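All remarks here apply to the structure that follows.
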Amino acid sequence: MEVSMHESYAGDRSVTEVFESLKADGSAVLVDVRTNAEWTFVGIPDLSKLEKEVILAEWQGFPSNGPHEGFASQLSDALTQKGLDQNAAIFFLCRSGVRSKAAAIAMTALGYKNCYNVAGGFEGGHDAKGHRGSVSGWKAQGLPWSQG
Numbered sequence: 001m002e003v004s005m006h007e008s009y010a011g012d013r014s015v016t017e018v019f020e021s022l023k024a025d026g027s028a029v030l031v032d033v034r035t036n037a038e039w040t041f042v043g044i045p046d047l048s049k050l051e052k053e054v055i056l057a058e059w060q061g062f063p064s065n066g067p068h069e070g071f072a073s074q075l076s077d078a079l080t081q082k083g084l085d086q087n088a089a090i091f092f093l094c095r096s097g098v099r100s101k102a103a104a105i106a107m108t109a110l111g112y113k114n115c116y117n118v119a120g121g122f123e124g125g126h127d128a129k130g131h132r133g134s135v136s137g138w139k140a141q142g143l144p145w146s147q148g
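Just so we're aligned, residue 1 is where the sequence shown starts under full-length UniProt numbering, counting upward by one.
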């Protein structure tokens, strides 16, 4: 699946806006498109207090450079299993906001109308020492997360 970054999607949302939207909208979902290794070793958002679970769907595996061929169909199936249609708010999260934007564009192209990129992602940008997770993103904002 080739994705053009010039295609459209619903836009970017800050991590705090996303958390508030997930809290307020029972049908809104968070899709983490990072790799299995990232989920295991870096952590994932914890939505248990909202009585929700993050949908884990790898956009691309390591060390591949392109998206998984079955990404869109697998995610569509997962959304359907949750009883969601193409009008549900879907927030896409990756490490810093690049892969998640591509995933939001891809799902918008398939007819999903409310696909958002989570700006800053889970770990955000680098700090002065070159480390992620303290300047911006889900973790830096103090939102709930867990580590496997």
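All residues carry an ideal CB built from backbone N, CA and C; glycine is no exception. Note that the structure is a prediction, hence the values are computed from the model and not measured.
Residue j beta carbon less than 8 Å from that of residue i
i, j, result
"residue 142", "residue 123", "no"
"residue 78", "residue 27", "no"
"residue 75", "residue 31", "yes"
"residue 133", "residue 140", "yes"
"residue 86", "residue 52", "no"
"residue 121", "residue 94", "yes"
"residue 107", "residue 57", "no"
Supposed contact pair residue j and residue i - C-beta distance, whole angstroms, cut 8 Å
i, j, result
"residue 103", "residue 59", "5 Å"
"residue 119", "residue 25", "In fact, because the Cβ distance is near 18 Å, the residues do not count as touching under 8 Å."
Neighbour flag for residue i against chain D, beta carbons, 8 Å
i, result
"residue 97", "No chain D appears in the structure shown, which is made up of a single protein chain."
Option nearest residue i by Cα separation, candidates the options
i, options, result
"residue 144", "66, 11, 54, 8", "54"
"residue 96", "127, 70, 111", "127"
"residue 9", "100, 121, 148", "100"
"residue 18", "82, 148, 146, 50", "50"
"residue 23", "7, 47, 36, 43", "47"
"residue 80", "29, 44, 117", "29"
"residue 148", "117, 20, 42", "42"
Any non-hydrogen atom of the ligand FAD within 7 Å of residue i CB
i, result
"residue 131", "Annotation note on the ligand FAD: not contained in the displayed structure, which lists no ligands."
N-terminal and C-terminal residue of the alpha helix (DSSP H) that residue i is part of
i, result
"residue 36", "36-41"
"residue 79", "71-81"
"residue 184", "Since the first and last residues shown for the chain are 1 and 148, residue 184 lies out of range."
"residue 28", "Premise fails: residue 28 is in no alpha helix (DSSP H) and is neither H nor E."
"residue 129", "That residue, residue 129, is in no alpha helix (DSSP H); it is neither H nor E in DSSP."
"residue 135", "Note, residue 135: premise wrong, no alpha helix (DSSP H); not H, not E."
"residue 100", "98-109"
Nearest-angstrom Cα separation, counted from residue j out to residue i
i, j, result
"residue 67", "residue 33", "10 Å"
"residue 82", "residue 135", "34 Å"
"residue 38", "residue 90", "20 Å"
"residue 111", "residue 35", "25 Å"
"residue 117", "residue 105", "9 Å"
"residue 7", "residue 125", "24 Å"
"residue 21", "residue 40", "26 Å"
"residue 84", "residue 45", "21 Å"
"residue 115", "residue 98", "14 Å"
Continuous beta strand (DSSP E) stretch holding residue i: start and end
i, result
"residue 89", "89-93"
"residue 118", "114-118"
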